[in-house]
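A short write-up of the structure that comes next.
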Amino acid sequence: MINNNTSTVNTKTSINDFVVKFANTNGTGSASANNMFAKAIMRMGIPVSAKNIFPSNIQGAPTWYEVRINEDEFLGRRGGQTEIIVAMNAQSFVADIKDVAPGGYLLFDSSKQIPEQLLRDDINYLGIPISAICLKEFQNPRQRQLFKNVIYVGALAALLDIEFGVLKTLVGDQFKGKEKLITPNVYALELGFQYATNHFSCPLNYRVERRDLIGNRIMVDGNTGSGLGAVYGGATVVGWYPITPSTSVVEKFASYCQRLRIDPATGKKNFAIVQAEDELAAIGMAIGAGWNGARSFTATSGPGISLMAEFLGLAYFAEIPVVLINIQRAGPSTGMPTRTQQSDVLACAYASHGDTKHVLLFPDSPAECFEHSALAFDLSDRLQTPVIIMSDLDLGMNDHLSAPFIWNDKQKYDLGKVLSIRELDNMESFGRYRDVDGDGICYRTLPGTHPNKGAFFTRGTSRNKDAVYSEKSADYVENMERLQRKFATAATLIPKAEISTGLQSTQIGLIYYGTTTQAISETKHLLQKQGIPVDSMRIKGFPFGSEVEKFIEQHEQVFVIEQNRDGQMKTLLSTELNIDPNRLASVLCFDGLSITANQISSDIIHVIEQQIPNQEVV
Amino acid sequence: MSFAKSKFKHKSLPVNDLGLTYRDYEGAISTLCAGCGHDSISSAIVHACAELSIEPHKIAKMSGIGCSSKAPNYFLNNSHGFNTVHGRMPSVTTGANLANKDLTYLAMSGDGDSASIGLGQFAHVVRRQLNMVYMVANNGVYGLTKGQLAATSDRGVKNKTGDISLFNDIDLCTMALQLGASFVARCFSGDKAQLIPIIKAAIAHQGFAFIDIISPCVTFNNHPGSTRSYDYVQEHVTTGAVTDFVPTKEEITAQTPEGEFEDICLHDGSLMRIHKLDKDYDTSNRLKAMTDVEEHKERGEILTGLLYLDPTASTFHELNDTADTPMNQVKQDLLCPGERVLGTINDSFR
Ligand SMILES: Cc1ncc(C[n+]2csc(CCOP(=O)(O)OP(=O)(O)O)c2C)c(N)n1
Ligand code: SF4
């Protein structure tokens with residue numbers, strides 16, 4: 120039965136619509152080969168998405184890389200069984216066989232036989248003696264290990280009809296500057312390609328066909344977008360403490376700064392990065408720098424957010440600009456450190472004790488990670504308050520097909536209300552917390568500006584309008600009310616929610632944010648097929664703009680789709696907009712994997728069916 | 033504050049190089065308990081800064097939370113100040129310093145603030161060699177929360193409510209020495225003649241300068257049996273050396289007999305002149321300084337004076353190779369790589 124034969128089970132033909140999953144072992148160097156596979160498909164003009172599913176472990180445990188190819192641009196996680204699995208990990212082999220969809224394929228290393236009892240007769244086996252080939256062709260043990268991955272990519276090229284030339288150029292691009300590596304990599308690709316061509320009837324019924332659907336899009340992870348956005352946004356000071364999945368934000372920031380921010384004349388750095396002793400210090404540094412007029416940020420994830428809470432309260436109350444990039448992962452506590460969630464919404468919106476509220480941004484793509492992180496510096500300077508970017512592991516660490524990063528050279532940094540020495544000279548008197556413009560945002564001065572005007576004491580303790588310590592109730596209340604006013608101003612400055620209404624009028628509205636976006640176009644398609652047209656709104660920031668309230672008012676049934684257990688965005692919406700929570704229904708996924716369109720649509724249908732039990736939903 | 037200091041300046045008040053009198057370096061009226069050692073520290077800072085002719089607005093006053101951390105209100109009215117959160121002044125000062133290396137950072141903390149909740153941040157700011165003056169007003173108790181024992185309390189002492197300190201004390205000077213501080217001193221707030229020149233030298237020093245200042249709390253730790261009371265400290269203090277600070281511009285005249293003093297040239301050309309009371313006194317030996325502190329402690333004495341100085345130390349900015357223009361003044365064209373570069377970066381992701 121396992122005789123390297125592809126034709127045991129019939130497979131329906133599917134062009135540009137299937138999922139390939141690579142089952143690997145952590146630390147075996149499969150990431151770049153898998154990535155090359157996804158990129159080759161993108162370069163053939165076909166929409167593709169890639170998700171890493173990896174354990175909280177460095178070496179040896181199973182990892183999966185899931186590539187969805189879909190020319191209708193349905194690029195969220197599809198869920199369900201997989202058409203093609205490349206099973207390279209003995210540990211997960213049993214589960215991987217079970218995961219193949221009936222009629223699908225299991226590509227495996229046939230250097231060893233599969234035990235009889237594991238065989239299924241409703242799937243196809245593609246056995247390639249990958250280890251044996253490597254043993255024969257390569258001398259060096261590391262190469263033998265690494266090229267296994269390249270060989271199966273080569274084989275997939277033949278099986279799925281990926282243009283070999285595209286792969287060759289990719290290898291060239293990947294090893295630019297390390298030309299010695301190009302020849303053996305191309306050779307390994309050819310070994311796989313030849314083996315598949317000679318032993319199987321290529322291409323399979325699942326295959327790709329060149330399209331022109333990619334345009335100028337790029338494939339990149341969100342953390343690269345965030346780090347680069349911080350470079351473009353003018354961040355100069357970073358305090359940080361490593362934590363998955365936020366670490367690469369600062370690593371990317373650092374590496375772009377090394378390339379782009381070294382003064383050519385002196386060789387000195389126009390940036391300062393400190394790997395702090397913990398998250399308390401990390402945000403403390405960012406706040407100190409923000410107080411002193413530099414653009415600064417820190418990046419962290421759930422446990423770090425908990426530690427930063429006290430300082431966030433200080434920055435809110437003392438009104439200091441600072442940017443915090445939160446790459447959410449599955450909590451509570453250490454939770455599942457390498458799985459995704461959107462579960463810090465409330466912790467961030469209200470981080471710290473007392474009546475504290477923070478400005479949040481919810482990017483949904485690498486391009487928006489870039490845009491939001493650059494924008495966050497303007498916003499926090501203008502509003503003199505922390506701005507928290509709510510990315511997550513899925514967005515931050517996975518490669519996504521994204522609009523390119525955009526910057527317009529006409530964009531000028533908006534440093535907000537900072538008084539210069541001349542402005543201070545021309546002022547009769549200065550008071551740090553006077554609401555001169557009525558928007559709740561006061562003027563600030565930076566240390567060192569003026570010899571005898573504008574100095575004041577910054578503190579987290581109550582004070583009057585002139586920054587003098589005061590416990591008078593009236594002073595405190597006035598200050599707290601002004602901060603509310605400032606928050607209302609913030610609602611007018613943050614990006615507006617993106618609303619999409621169909622041609623048909625509908626009573627049903629979907630609200631979503633961040634990475635949930637990936638599943639929405641497919642969800643709408645699935646619902647439409649069931650005769651349920653829906654409108655949708657993507658929330659891009661908090662505080663909510665007036666359009667958010669309006670959207671909810673205009674729809675009889677509103678679903679809030681999010682990836683946490685407790686419906687945190689729903690809570691925030693009903694609390695902040697004073698909406699009856701019963702008007703909002705939650706669609707939730709909190710298993711650590713990205714929510715799927717199938718799940719959302721079936722949950723919605725279920726709720727609707729329950730409401731109208733006698734009516735059939737078609 | 034319900035009342036303010038008089039703005040009247042007597043004509044005969046001496047003026048410094050900037051034409052300012054020491055009154056221009058004062059702060060608000062203190063609300064600390066009358067007789068609190070921290071007020072003497074404030075006053076020493078006022079004198080030190082006035083005598084050094086530093087422009088007040090070029091100083092940033094940093095602190096955590098505690099009576100000691102309130103003290104920056106009471107000096108340098110024309111400087112910006114920042115009362116941060118309990119124990120975390122070092123990180124905020126680090127960030128502030130990274131943003132603008134051209135200011136002088138004068139930081140005040142308490143022994144609770146630095147040796148308990150903030151011990152981690154204290155250790156790391158020393159390690160990072162931040163160019164700042166870090167002063168701990170060490171009273172052996174928590175003043176602001178009314179008298180609990182601090183981690184710097186000597187083993188066996190009793191606080192006012194009778195709690196006994198069961199554990200070894202943390203000696204912040206020894207820690208600073210061990211962690212690589214390039215300037216370490218211990219002073220007594222009641223000894224201005226010692227404190228003022230040491231603060232001046234700490235300011236002139238380029239690098240991390242730590243001064244542990246024994247600063248009695250009259251309200252909660254001035255009772256018999258305390259090892260931080262005025263009386264106890266006055267009786268048990270020994271001074272390794274008396275220190276003078278000689279600014280760059282002053283001619284150095286040798287009034288002191290050869291061999292009994294030592295001049296150490298600081299970064300800006302000014303001198304630390306050390307008059308040795310103890311002939312073995314050596315401010316360049318870090319290990320010996322640690323042993324000296326411990327030996328004196330074993331004898332029940334408090335060794336004060338400049339304990340260690342490395343005038344050649346590098347600062348964080350030197351080690352990091354930071355550009356000369358302070359980070360908060362670098363213009364957008366140097367920070368933002370622009371559209372064209374972004375185009376090539378986008379290409380690398382296709
Ligand atoms: C997170 C936090 N915990 C506790 C406190 C309460 N608190 C304020 S000051 C202080 C101790 C101050 O002692 P020390 O630093 O020795 O200063 P002193 O008042 O003695 O000068 C404490 C515990 C606080 N402000 N913040
Ligand atoms: S309680 Fe102690 S430390 Fe605080 S002000 Fe009074 S004397 Fe000073």
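Residue numbers (my numbering), protein chains in the order written: chain A, 120 to 737; chain B, 33 to 382.
C-beta: ideal position from N, C-alpha, C; glycine also.
The C-beta of B/L64 comes no closer than 8 Å to any C-beta of chain A.
Excluding the 5 residues flanking it on each side, A/P234 has no same chain C-beta neighbour closer than 7 Å.
The beta carbon of A/D474 is closer than 7 Å to those of M599 in its chain, skipping five residues each way along the sequence.
For B/H42, no Cβ of chain A is located within less than 8 Å of the residue's own Cβ.
Nearest Cα to A/L479 within the set A/A401, A/G559, A/K615: A/K615. Three or more beta-carbon pairs separated by less than 8 Å are not found between the stretch 493 to 500 of chain A and the stretch 207 to 224 of chain A, which leaves the two stretches without contact. Contact with chain A is found for B/S111, since one of that chain's Cβ atoms lies less than 8 Å from the residue's Cβ. Per DSSP, reduced to three states, the secondary structure at B/V325 is helical. Neighbours of B/V117 in chain A, taken as residues at a C-beta separation under 7 Å, are given in chain order as E429, F430, L433, G579. Taking 9 Å as the cut-off between beta carbons, the residues of the stretch 345 to 360 of chain B near chain A are F348, H349, N352, D353, T354, A355, D356, T357, P358, M359, N360, in sequence order. Membership of B/L211 in the alpha helix (DSSP H) is indicated by the continuous run 204 to 211. At least one heavy atom of ligand 1 is found less than 7 Å from the C-beta of A/E429. The beta carbon of A/S471 does not come within 8 Å of any beta carbon belonging to chain B, so the residue lies off that interface.
Taking the CA atoms as reference points, A/P485 sits about 30 Å from A/K648. The beta-bridge partner set that DSSP reports for B/I73 is empty. In the three-state DSSP reduction, A/P570 falls in the coil class, being neither helix nor strand.
For the set B/P358, B/V269, B/D379, the Cα lying nearest the Cα of B/H328 is the one of B/V269. Its Cα nearest to that of B/C219, the residue B/E333 stands out among B/G239, B/E333, B/Y54, B/C368. Secondary structure at A/T419: strand, using DSSP grouped into helix, strand and coil.
Proximity of the stretch 356 to 368 of chain B to the stretch 124 to 141 of chain B meets the contact definition, three or more beta-carbon pairs being nearer than 8 Å.
In this structure, the C-beta of B/C249 approaches ligand 1 to less than 7 Å from one of its heavy atoms. Between the stretch 498 to 505 of chain A and the stretch 619 to 634 of chain A, the count of Cβ pairs shorter than 8 Å is below three; the stretches do not touch. Under the three-state reduction of DSSP output, A/I216 falls in the helix class. B/P343 carries a coil assignment under DSSP once its states are collapsed to helix, strand and coil. About 7 Å separates the beta carbons of A/S367 and A/M516, which is inside the 8 Å limit, making them a contact pair. For B/D276, the uninterrupted beta strand (DSSP E) segment begins and ends at 273 to 278.
If one requires a minimum length of 3 residues, the beta strand (DSSP E) runs lying completely within the stretch 556 to 643 of chain A are 576 to 578, 617 to 619, 627 to 632, in chain order. Judged by DSSP secondary structure, A/F678 falls outside any alpha helix (DSSP H) and instead within the beta strand (DSSP E) spanning 676 to 681. With a contact defined as Cβ atoms closer than 8 Å, A/S175 and A/T457 qualify at about 5 Å. Within the stretch 393 to 415 of chain A, the residues whose Cβ lies closer than 9 Å to some Cβ of chain B are V393, A395, E396, D397, L399, A400, A401, I402, G403, M404, A405, I406, G407, A408, G409, W410, N411, G412, A413, R414, S415, listed in chain order. Along the stretch 552 to 566 of chain A, the positions whose C-beta sits under 9 Å from a C-beta of chain B are T564, L565, P566, read in chain order. Under the DSSP definition of a beta bridge, B/T336 partners with B/T271.
Residue contact check for A/G353 against chain B: a CB pair falls below 8 Å. A distance criterion of 7 Å places the beta-carbon of B/S100 in contact range of ligand 1, judged by its closest non-hydrogen atom. By the criterion of at least three beta-carbon pairs nearer than 8 Å, the stretch 157 to 176 of chain A is not in contact with the stretch 242 to 253 of chain A. If you draw a straight line from the Cα of A/V726 to the Cα of A/R378, it comes to about 53 Å.
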